[in-house]
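Numbering (full-length UniProt numbering), first residue to last: 1 to 1145. All residues carry an ideal CB built from backbone N, CA and C; glycine is no exception. Contents: one structure, followed by commentary.
And the structure:
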């Protein structure tokens, strides 16, 4: 039987044989393997006989990062030697089992892919994965066979117990005799210890995967010798990626075919910061949208699932419901969402062929793995809402009935719709040709032109709080006041700062002051529903416009939806009669149907015309029912999660006042095509406007997290500007008995040293040790009285999510139904949401492969800011500490005695020491602005009310009284990832903690570019400066920070832009710059300013360039790089932002 070997060394890897819902995380491959052009060798790569020259060696190794001129020209060289006619080396024919990448043909080192019959070896070449694993991951293949001449013969790798052949699921268990190795799948066989392995007394706890460090274990597939690898063909990752793409369309493609297509696959033009006109704008974004659309169509239309078993049912609306399990969905090969359209076909022989189209109304969750499809009634396409390619066939079958008597032999296909992409293209075209689509000011600002905004005359309301919503705090009031006075506003809402309440308040005042309708949009239906519900509370007339495909999807605001309001309209008796008749009969006569449509459209227009606020998704704003409406005011919530062309759809409906709400320090738009993302389609309009100098107004009081949970995100991602609107006492549940290392600080990092494994899909990861410990934590919470719905489990990897769900239900001591109520989801799924307790499983634990997209600061920010009462992180600190951002997070936990190890019942403070990372965490430099926008930004900061924090960092109260200071400092408006802390005197920032984070205590470490013995203001390092006027530096990059003396508690004075002293806050402010300070600092390079500041030398004054200079002004060049920011060519000059970023090196 396959699956059992006799061998002495026992090492192996595997994965679960049960259905595992995997994600598409290509981080199992090199980050650079998605590039398209690089150096490679010539050869036939189709898996058949190939040729290789005698005498090839490794004289010239291929550099992955080397610039490539063209594939055609590079094809003339292999390993530094010419090929073709120029190469006179003798060639020999390679055997059929030679590696399709490199030509190595050692029988013990090659493996055959059973899906494509190509052979691949265990050499890594220029990649971090072995060639066979590289191929399996890219091609989504999972079954292999060893070579007949290998030590183990022509064995097909499969589970000894159940026969599963997915190598990502397989592992081995050694017998006690230590001479027999048995292959078992991770789940269910190895996990449950069932079948013959019990009889043979194998210890399933010793199960190990067959794949380790992205390569098969060497006793299973040996490594090629050094000489074989030296003589092999060296293909860089970029070329391998292109070959794999070509093999999907032509399995016999050769490298010559790759040469022919070299010029066809050019990179699209990248997005710009500024555009000459709307036609250039359309010409840049149009191709990117098309690339994304083509990729999305190809991806969805290629996913067809056969041999489905269907369970039939009836819905409440008497429509047929078809439920089935999609194995490809479980393996992560496809993605599915409620409202997606699918085609179901019967291919059996019990009745004539049938096919029907329906909408997805349920997707797999913890309760069930089934997908449920609600079939459209005949003629369901009457609304014209399924336009575009692949609209679907509504002729259900030849006999006219749904085959509910059949349960087997069904096939499901995606129905791809071009609606969203067509609406983006139409919006950009409208923007270019219709002068009435947006106002002149908005038009130029969207193109990046610097134009002065005409002041808006507004009668400010006496009271900013609105009916049935909470009172506003200072920063929220300031945001509302600023928005009402400006035609273009950006509001940054960090986690838990009341962004939705603020947006609803703004919408209320805009509606009351302007008198016109307000269009409210967001990229997701969930976000629209939440905001729509808040706006409805204020008493405004709200209409929720939904897509036809989602009209039957229940939501909290279903009663506000347009179609429901039409149904509830009692004034039109004739329409009501036809509606009732259609519900009873299922369909109407052609004459009645035509009349029904006419009456429905009239009722919809009347309801929309009478509405104060219309809510829809950004794509929904392109609905034909809204085409004749003009919206003077548009608010887009979660705008940082929208691609820029998506935001344009609501904007071109005549807007004259735009409000963009979001947080660019959290997750951005999801772009599937890597080319389009690389070209900049994954940058939101909000981000581009920030870079152009449109200063966002930041909300500064968070009401979600325990203060200890908000400390690190505030310092690392928001320059310490977040104040706490809740106290420690409000965020500690005394009756919850959980082993927090420090009882008053409900957080901990639990060191887990288990290794990562590739999940069943081959494109994601899991960590069994962490999953098992997640179950222990959850069970402990249950015993303490925490309800399942109060717990959230976050993991960045879909493989871990699926494995954790199974682990909870199989190993947990409570009922399975209890564990099913816990939400286990990705970071993306948790954005914008919260739970009482969050468990974060990091998964990554390896020696050489890195941490993948765990290094994304925005992803970490979202994960850390979901919990209200407590947060537990599980991970391998030895691996994570190698990345600068995680290094500082681990230091944060360690310094607070919350980095622990050992069993949950006996946790001990970890004594682990980790060294400084080799690289420095710099943060997203693209958000740092140039001096050209410094005055514009500073002068745009409105004064007004602010939340004044109480003594010792007490939380600011909602509805704080207006104060004399500005509501935010210059730096408070700069979205910069530099860790710093603003004093409350610097325009409403957070009160400085008496114990400043140690990562900033050492001045010399924080400023490594300064000469030894440097002093600040004439004082030794670590000494408190003398009180006095502002001691600040500014530069061409306005991004700034502070260094605070942590050696004194309550001593010294915070020296800020206004020169005021704050008790209990020592240190020197490098922020809080007044407009005059900015004007005085423009003439020096950043290094000069920094040097003069440290040495206590005066800085000459010089006015900044005039604001509002057009982009065509002579000598003006957009500043897109640090060197242009510096205003000079000094080689050792560094921007202030770079110096500040070094604080967290």
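With a 10 Å radius around its C-beta and 16 neighbouring C-beta atoms as the bar for buried, classify residue i as buried or exposed.
i: residue 314; result: exposed
i: residue 342; result: buried
i: residue 498; result: buried
i: residue 559; result: exposed
i: residue 591; result: exposed
i: residue 701; result: buried
i: residue 767; result: buried
i: residue 435; result: exposed
i: residue 664; result: buried
i: residue 433; result: exposed
i: residue 428; result: buried
i: residue 489; result: buried
i: residue 300; result: buried
i: residue 903; result: exposed
i: residue 164; result: buried
i: residue 918; result: exposed
i: residue 1143; result: Low confidence applies to residue 1143: its pLDDT is 32, below 50, so where it sits in the model is not reliable, and the reading given next is rough at best. Label assigned to residue 1143: buried.
i: residue 118; result: buried
i: residue 887; result: buried
Measure how close the beta-carbons of residue i and residue j come, nearest whole angstrom, since I'm counting them as under 8 angstroms.
i: residue 537; j: residue 635; result: Not a contact, Cβ separation roughly 16 angstroms.
i: residue 749; j: residue 914; result: The Cβ separation is near 12 angstroms, so there is no contact.
i: residue 621; j: residue 541; result: Between residue 541 and residue 621 the Cβ distance is about 18 angstroms, and since that is not below 8 angstroms, they are no contact.
i: residue 535; j: residue 520; result: 7 angstroms
i: residue 614; j: residue 566; result: With 8 angstroms as the limit, residue 614 and residue 566 do not qualify as a contact, their Cβ atoms being about 14 angstroms apart.
i: residue 159; j: residue 136; result: With a Cβ gap of about 17 angstroms, residue 159 and residue 136 do not count as contacting.
i: residue 113; j: residue 131; result: So it is not a contact: roughly 11 angstroms between Cβ atoms.
i: residue 625; j: residue 608; result: 7 angstroms
Please list the terminal residues of the continuous alpha helix (DSSP H) segment that includes residue i.
i: residue 720; result: First-last for residue 720: undefined, no H or E at that position.
i: residue 238; result: 237-249
i: residue 671; result: Segment: none, residue 671 is in no alpha helix (DSSP H) and carries neither H nor E.
i: residue 886; result: 884-895
i: residue 120; result: From DSSP, residue 120 is part of no alpha helix (DSSP H) but of the beta strand (DSSP E) over 119-121.
i: residue 687; result: 685-691
i: residue 432; result: 419-433
Could you name the residues that DSSP lists as bridge partners for residue i?
i: residue 908; result: 901
i: residue 174; result: 181
i: residue 867; result: 835
i: residue 342; result: 358, 414
i: residue 324; result: 371
i: residue 156; result: 145
i: residue 102; result: In the DSSP output, where bridge partners are listed per residue, residue 102 has none listed.
i: residue 874; result: 750, 841
i: residue 209; result: 171
i: residue 561; result: 544
Could you give the residue range of the beta strand (DSSP E) that holds residue i?
i: residue 279; result: Unbroken run through residue 279 is the alpha helix (DSSP H), 278-301; no beta strand (DSSP E).
i: residue 275; result: Looking at the DSSP string, residue 275 is not in any beta strand (DSSP E), and its letter there is neither H nor E.
i: residue 315; result: That residue, residue 315, is in no beta strand (DSSP E); it is neither H nor E in DSSP.
i: residue 1146; result: Because the chain in this structure spans residues 1 to 1145, residue 1146 falls outside the shown range and cannot be described.
i: residue 617; result: 613-617
i: residue 756; result: Careful: residue 756 lies outside any beta strand (DSSP E) and carries neither H nor E.
i: residue 113; result: 110-113
i: residue 661; result: 657-662
i: residue 452; result: Segment: none, residue 452 is in no beta strand (DSSP E) and carries neither H nor E.
i: residue 825; result: 823-825
With a threshold of 7 angstroms (Cβ to nearest heavy atom), would residue i be considered close to the ligand MN?
i: residue 569; result: By its list of ligands, the structure shown contains no ligand whatsoever, and the ligand MN lies outside what it can speak to.
Check your understanding: Which parts of the stretch 486-557 are runs of the beta strand (DSSP E), unbroken and 3 residues or longer, counting only runs that do not cross its ends?
Key -> 488-492, 518-522, 542-544
Exercise for review: Could you name each continuous alpha helix (DSSP H) segment of 4 residues or more that falls completely within the stretch 582-654, going from the start of the chain to the end?
Suggested key: 590-610, 644-651
Check your understanding: Whole alpha helix (DSSP H) runs in the stretch 762-821 with 4 or more residues, listed along the chain?
Key -> Counting whole runs of 4 or more residues, the stretch 762-821 contains the alpha helix (DSSP H) stretches 768-783, 798-811, 816-820.
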